[in-house]
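**Q** Each step along the sequence shown adds one to the number in the numbering used here, with nothing skipped, and position 44 is 292.
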Amino acid sequence: MKHYKSLIELHKDNGFPPPEHPLFSIYQCNHACSIGDREFTSDFYMIGFKKIISGVILYGRTKYDHQFGSMMFFKPRQVIEMKNLEMDEDGFLMFIHEDFLNGHTLHNDIKKYHYFDYETNEALHLSPSEEITTWDLYRKIETEYQNNQDEYSRELILANVDTMLKYSQRFYKRQFINRAEISGKTVTKFNEEIDRYVASGLLETKGLPSVQDMAERLNISAGYLTDVLKQESGKTALEHIHIYLISEAKNKLKGEDKSVSEIAYGLGFENLSYFSRLFKKEVGISPNLFKKQLLN
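#1: For D365, does the count of other Cβ atoms within 10 angstroms reach 16, so buried, or fall short, so exposed?
#2: So, using beta-carbon positions, are Y363 and Y420 closer together than 8 Å?
#3: To which residues does DSSP link G339 through a beta bridge?
#4: Which partner residues does M320 have in the DSSP bridge list?
#5: Taking just the CA atoms, how far does E399 sit from M294?
#6: For a test of the three-state rule: what should DSSP assign to F517, helix, strand or coil?
#7: So, is E504 buried or exposed, given that buried needs 16 or more other C-beta atoms within 10 angstroms?
#8: Counting pairs of beta carbons, one from the region 436-456 and one from the region 389-405, are three or more of them closer than 8 Å?
#9: Following the continuous beta strand (DSSP E) through F288, name the residue where it begins and the one where it ends.
#10: Which residues in the same chain as F242 place their Cβ atom closer than 6 Å to its Cβ, once the five residues preceding and following it in sequence are excluded?
#11: Tell me the DSSP secondary structure of Y366 in three-state form.
#12: In chain order, what residues of the same chain lie with their CB nearer than 8 Å to the CB of K437, ignoring the 5 residues before and after it?
#13: Between the Cα of I468 and those of S401, M342, A371, R325, spot the shortest distance and give me the residue it belongs to.
#14: Should N278 be flagged as near chain B, meaning a C-beta pair shorter than 8 Å?
#15: Identify every residue that forms a DSSP beta bridge with F419.
#16: Which first and last residues belong to the alpha helix (DSSP H) in which Y386 is found?
#17: Name the DSSP beta bridge partners of L349, please?
#18: Can you confirm whether the region 524-543 touches the region 480-496 when touching is taken to mean that 3 or more C-beta pairs between the two stretches lie within less than 8 Å?
#19: Please confirm whether E346 and D261 have their CB atoms less than 8 Å apart.
#20: Taking the straight line between their C-alpha atoms, what separation do you get for K539 and K498?
#21: What are the boundary residues of the beta strand (DSSP E) that K454 is part of?
So this is what it looks like as structure tokens:
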């Protein structure tokens, strides 16, 4: 599998003009915008906007949902493959080497955007007004990229990249709301999957379900799951797992003649103190006090 460490090599292999900067580049597509026809990885963050008519994009070995007007976000060292892509109109690709972010706030902030981890059926679908906003930011970046870069260029480029990422976060939230009726409430589906997890005896054999476990059961990425749940309910996937398990713990403390430790271990907690802290955080009192109040 090909791994790209340098933008120069990536541009050369794909017939793009040589990059204007060794650590940052952009390329505007004209109906064709593929990066080879084979799997590859790189040391770059990549942002792409493409109106795709046909072809396949594989990201993390899963198919990207690319209806008209999709934006896609790829992180370093993720496996990507693009095959036989045909575009309806112009798009763009943006490549940001990790080292280009060194010393800038975006070095850490970019990791907060879960959509760089999104996979199946999770591309961003822009409305016409959102497309205008995105292209406007691209043009500002392009101006700095193409026109005699100086000591201000990197700051201005990254400021506009940062703004594009913030807008993308906003656009995703709009998409979560717009698609809620189509996809059904994720909170409900999430709780149903935890029910199945518990009913199948996995708490005893595997322990507490992770966010990744739940995401795989729902056929979405962990980052996307957390973001959708946060949008729908104000709570993350991990918080929902905790709420479910503490609800189960309260039920067992009321209805079963077992010790707190037996109930905690039965719910998959390997650490009693962790269970007690979590219970107190959610309920307001310790599980031992909760049980004593029931007895009295």
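Ideal Cβ positions, reconstructed from N, Cα and C, are used throughout, including at glycine.
All of these numbers come straight from a predicted model, not from anything done at the bench.
**A** The structure says:
#1: D365 should be labelled buried.
#2: Yes, these two residues count as a Cβ contact at 8 Å.
#3: C277, per the DSSP bridge assignment.
#4: When beta bridges are read from the DSSP output, M320 appears opposite G296.
#5: Using only the alpha carbons, I get a separation of about 23 Å.
#6: Three-state result, F517: coil.
#7: So E504 ends up on the exposed side.
#8: No, the region 436-456 does not touch the region 389-405.
#9: It spans 288-290 - the beta strand (DSSP E) in which F288 sits, taken as one unbroken run.
#10: Residue 242 is absent from the model: the chain starts at 249 and stops at 544.
#11: Three-state DSSP puts Y366 in coil, outside helix and strand.
#12: The residues are L466.
#13: Closest option to I468, Cα to Cα, is A371.
#14: Among the chains in the structure shown there is no chain B, since it carries only a single protein chain.
#15: Residue pairing of F419 in beta bridges, as defined by DSSP: absent, with no partner found.
#16: Run containing Y386: 376-394, per the alpha helix (DSSP H) assignment.
#17: According to DSSP, L349 bridges with nothing at all.
#18: With a cut-off of 8 Å on Cβ pairs, the region 480-496 is in contact with the region 524-543, counting three or more such pairs.
#19: For E346 and D261, no; Cβs fall outside 8 Å.
#20: Looking at the two C-alpha atoms, the distance is approximately 9 Å.
#21: Unbroken run through K454 is the alpha helix (DSSP H), 450-454; no beta strand (DSSP E).
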